[in-house]
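Take 43 as the starting number for the sequence shown in the working numbering and just add one per residue.
Structure record follows, encoded as structure tokens.
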Amino acid sequence: MSFLARDALPPSQTLPQTRPLLLYLYLCAIVVLYYDHALSLPAEITYIWRRPKTRSALWFLLNRYLTFFATIPVTALNFVQFNHQSCGQYALFRQILLVVQVIVVDLILSLRVYALYGLQRKIIYILAVATAIGLGITGWSISHQDNTRDLEDYSVRGCFLPLSSDSGIHIAAIWEALLAYDLLIFVLILARPIQLGRRHNNEASSNPIIRLVTRDGAMYFVVMALANLANIITFYVGGPFFKGSLSTLATSVSVTLTSRLMLNLHALADRGLYAGAAGAGWTTTGETTTAAATGETLDTVLGNSYAYVSRGYDTTADDVEMAPRH
Numbered sequence: 043m044s045f046l047a048r049d050a051l052p053p054s055q056t057l058p059q060t061r062p063l064l065l066y067l068y069l070c071a072i073v074v075l076y077y078d079h080a081l082s083l084p085a086e087i088t089y090i091w092r093r094p095k096t097r098s099a100l101w102f103l104l105n106r107y108l109t110f111f112a113t114i115p116v117t118a119l120n121f122v123q124f125n126h127q128s129c130g131q132y133a134l135f136r137q138i139l140l141v142v143q144v145i146v147v148d149l150i151l152s153l154r155v156y157a158l159y160g161l162q163r164k165i166i167y168i169l170a171v172a173t174a175i176g177l178g179i180t181g182w183s184i185s186h187q188d189n190t191r192d193l194e195d196y197s198v199r200g201c202f203l204p205l206s207s208d209s210g211i212h213i214a215a216i217w218e219a220l221l222a223y224d225l226l227i228f229v230l231i232l233a234r235p236i237q238l239g240r241r242h243n244n245e246a247s248s249n250p251i252i253r254l255v256t257r258d259g260a261m262y263f264v265v266m267a268l269a270n271l272a273n274i275i276t277f278y279v280g281g282p283f284f285k286g287s288l289s290t291l292a293t294s295v296s297v298t299l300t301s302r303l304m305l306n307l308h309a310l311a312d313r314g315l316y317a318g319a320a321g322a323g324w325t326t327t328g329e330t331t332t333a334a335a336t337g338e339t340l341d342t343v344l345g346n347s348y349a350y351v352s353r354g355y356d357t358t359a360d361d362v363e364m365a366p367r368h
């Protein structure tokens, strides 16, 4: 059975042949999600559950466990008998759920970029315009989901509806909008250390948190972009059942890497806020911490609008939450 379009064959004849491969692709997605969850659980317990539940921690938990728990019933429904009508409704719900999960990822990354730029309003305006465009494309795409092919005999377990070429293109537009938004985030992340380096003779760009956000953000973007691009390609060249077959995998990769990024940030902040890692340029006094070596605390990178690159401040755990000092 070719992965490419097989429009000459009725969908009811090709489904029994393609179902095992579709399930294998789905299995890859949930293995990525749950295996990495198990690997990173000790760090999550250390830096999230054993620390005060801040806003940043709550965003992490939303990203982590929305997908974690939503995947359980979706997996179980792969072995339930659907009729054509109920499968169509479920397929639409599942696509929306996947998009919501990716939107949560992009929202978290947007907050990191907003913090990286010291809560500058122009960043919010840029991201708001991009979001409005993306939502418009999403609404247009969903409103055109009325041309799903019919199955003469839906005799297999699970919900696997074939998509016509037009319907595939409409759904692909949602993922293309998300990829474009990710590209915008990527450009903003890379531009920030360059901007700070020019202003402050590269001192600010050497800050460990800025380096972490830039390094992880760039690396994770490449991986997420490749996963999203592969999924987008399936909508154009995949057969009726393979259009969007990598959506779950692309979402799992995005959620996993975003969780990793946030855990790395919390781990670095934790070393400064709680451990006073002098070797990394952190000194601790009581319950506060100052980034003595770089002259910049967590404030600018994680969101305090009143922090300045050229000055050092005492930093509390609240600074991780992008809250201005009063």
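The beta-carbon is built from N, C-alpha and C at its ideal position, and this holds for glycine as well.
- Fewer than three Cβ pairs drawn from the region 116 to 128 and the region 154 to 162 lie within less than 8 Å of each other, which leaves the two stretches out of contact.
- For Gln131, the uninterrupted alpha helix (DSSP H) segment begins and ends at His126 to Leu158.
- If you check the CB distance, Ala260 and Tyr223 do not come in under 8 Å.
- In this structure, the CA atom of Tyr68 is about 43 Å from the CA atom of Leu238.
- Between Ser301 and Ser82 the beta-carbon gap is near 7 Å, inside 8 Å, which marks them as a contact.
- DSSP places Arg199 in the strand class (E or B) of the three-state scheme.
- When DSSP reads this structure, Gly178 sits in no beta bridge, so it has no partner.
- Pairwise C-beta distances place the region 177 to 187 in contact with the region 208 to 217, as three or more of them are shorter than 8 Å.
- Within the DSSP bridge table, the entry for Gln123 names Arg199 as partners.
- Leu303: member of the alpha helix (DSSP H) spanning Ser289 to Asp312, first to last residue.
- Burial is judged here by how many other beta carbons sit within 10 angstroms of a residue's own beta carbon; Asp312 has at least 16 and is buried.
- Our two residues, Val297 and Thr88, have alpha carbons roughly 20 Å apart in a direct line.
- Here Pro94 carries a coil assignment [DSSP, helix/strand/coil].
- Looking at Leu291, Leu271 and Leu303, the one whose alpha-carbon comes closest to that of Thr109 is Leu291.
- When the Cα atoms are used, Lys285 and Ile165 turn out to be separated by approximately 35 Å.
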